[in-house]
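*Asks:*
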Amino acid sequence: MDTQHTIDQLHRADERINAQRNRIKADPDDAFDKLVKFAVPSAAGLLAGKLAEMVWKRVRGERENDILASMVFAALSAALGSLITSLATRGSEGLVSARHKRNA
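According to the UniProt record's numbering, the residues represented by the sequence shown are 1 to 104, in order.
Right under this line is the structure:
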């Protein structure tokens, strides 16, 4: 009985491994595609945040930021970062899609 239980567990593990292998094979994205889809939006969001910070410092100058100004900056920076990241995500997915079509 103990041996049969072990065999059943090994069969279940084998089925899970085969299912995972099939999911990996069915995924059209290779490592480069996944890297592009991750790195492009991340870099774009980071650059957008730094750009917003530079513009804010140029506009505000050396004045001390009060709580309201800090809240406005945070809201504008988050909105810009979100917009740029969203656009970069769409662009990177389009780039990967075009690469897949070209290679097909």
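Heads up, the beta-carbon is just placed ideally off N, CA and C, and yes, glycines get one too. Bear in mind that the values here come from a model prediction, so they are computed numbers and not experimental data.
Among the candidates Leu-83, Leu-68 and Glu-15, whose CA atom is the shortest distance from the CA of Ala-44?
*Replies:* Here residue 44 is taken as the residue at index 44 of the sequence shown, counted from 1. Closest option to Ala-44, Cα to Cα, is Leu-83.
*Asks:* Specify whether the stretch 81 to 96 and the stretch 30 to 44 touch according to this definition: at least 3 beta carbon pairs, one from each stretch, less than 8 Å apart.
*Replies:* Yes: the two stretches touch, three or more of their Cβ pairs being nearer than 8 Å.
*Asks:* Below 8 Å between beta carbons: does that hold for Leu-76 and Ala-48?
*Replies:* Translated into the one-based positions of the sequence shown, residue 76 becomes position 76. Translated into the one-based positions of the sequence shown, residue 48 becomes position 48. Cβ atoms of Leu-76 and Ala-48: not closer than 8 Å.
*Asks:* Does the Cβ-Cβ distance between Asp-27 and Val-96 come in under 8 Å?
*Replies:* Locating residue 27 in the sequence shown gives position 27, counting from the first residue. Locating residue 96 in the sequence shown gives position 96, counting from the first residue. Against a cut-off of 8 Å, the Cβ pair of Val-96 and Asp-27 comes out as no contact.
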